[in-house]
Ligand SMILES: [Zn+2]
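In the working numbering, the protein residues as written are 171 to 462.
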């Protein structure tokens, strides 16, 4: 794994806010590009990760993040793959903080008609947002999409509702790399009160990750991981659900659960202190309203 040029950051505060995974202040940088496998690169902008795959003279970009990030993203792609043509942009899901900036990314390549691929259920929330910076997809699919970029096969897997109902997991089979955004992380608890999460469907999506034959997984936030990262995430949500279910059986309220719950096995995970009790609130609401 090699890491290439990055700028010094004026955004140290942003990095702290974005997540404990970027906890080394000496490494604080506003963006960096890291090759995770042959021709497959993670592009990090503050606390958000994008991905791009280079093949021949073509490139496919996953998640432009936002317009500011996308302009840098385009420059980084051109630095790594000079002269490459932007063949497609893929949205992992409809959330604005990952899927904004396609026009800025296209502009970096002097293009304005690059195909944008997303799950069919991403269309409605993007249309409702009506942001010129977040055009809707021009190509959609429902279950699985396989396409070719410069002779390289790219797969998009829909694992059902997870975080939003339209999140897809890109997979590059020749190097066995997956890109999993927001519904799963690398030794970090979930984001705050798990906004947009679907229970219990998200557990099927977590299990579904293991049906994709990846060796390396790039996350929407934090450092890349491997299959064991997914096993640990599944164990965390299992343990969290078990603990909350037990608390409900004991008659505890949501506030009491948030106050008292502890999962010491995960105490060293990113964002455990600020967010684990918020994760517990989300699980409490699901179990209390549906019985799980
Ligand atoms: Zn999201």
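Note that the Cβ used here is the ideal one computed from N, Cα and C, for glycine as well.
- Straight-line spacing of the CA atoms in residue 325 and residue 258 works out to 13 Å.
- As the crow flies, the alpha-carbon of residue 334 is around 26 Å from that of residue 276.
- Distances between the C-beta of residue 200 and the heavy atoms of ligand 1 are all 7 Å or more.
- Residue 331 places its beta carbon less than 8 Å from that of residue 371.
- DSSP, read as helix, strand or coil, puts residue 368 in coil.
- Below 8 Å, too few C-beta pairs join the region 348 to 362 and the region 305 to 315 to call them touching: fewer than three.
- Fully enclosed alpha helix (DSSP H) runs of no fewer than 4 residues occupy 266 to 269, 272 to 278, 293 to 299 of the region 244 to 317, in order along the chain.
- According to the DSSP assignment, residue 400 belongs to the alpha helix (DSSP H) that extends over 397 to 419.
- Taking 7 Å as the cut-off, one finds no heavy atom of ligand 1 near enough to the beta carbon of residue 313.
- In the displayed model, residue 219 falls within a strand according to three-state DSSP.
- The region 384 to 391 and the region 410 to 422 do not touch, with fewer than 3 CB-CB distances between them shorter than 8 Å.
- Here DSSP, grouped into helix, strand and coil, assigns residue 440 to strand.
- Every beta strand (DSSP E) stretch that sits fully inside the region 321 to 395 and reaches 3 residues is listed by chain position as 322 to 328, 338 to 342, 347 to 350, 386 to 389.
- For the pair of segments examined, the region 269 to 286 was found to touch the region 238 to 255: the number of CB pairs separated by less than 8 Å reaches three.
- Within the DSSP secondary-structure output, residue 228 pairs in a beta bridge with 225, 255.
- Within the DSSP secondary-structure output, residue 235 pairs in a beta bridge with 269.
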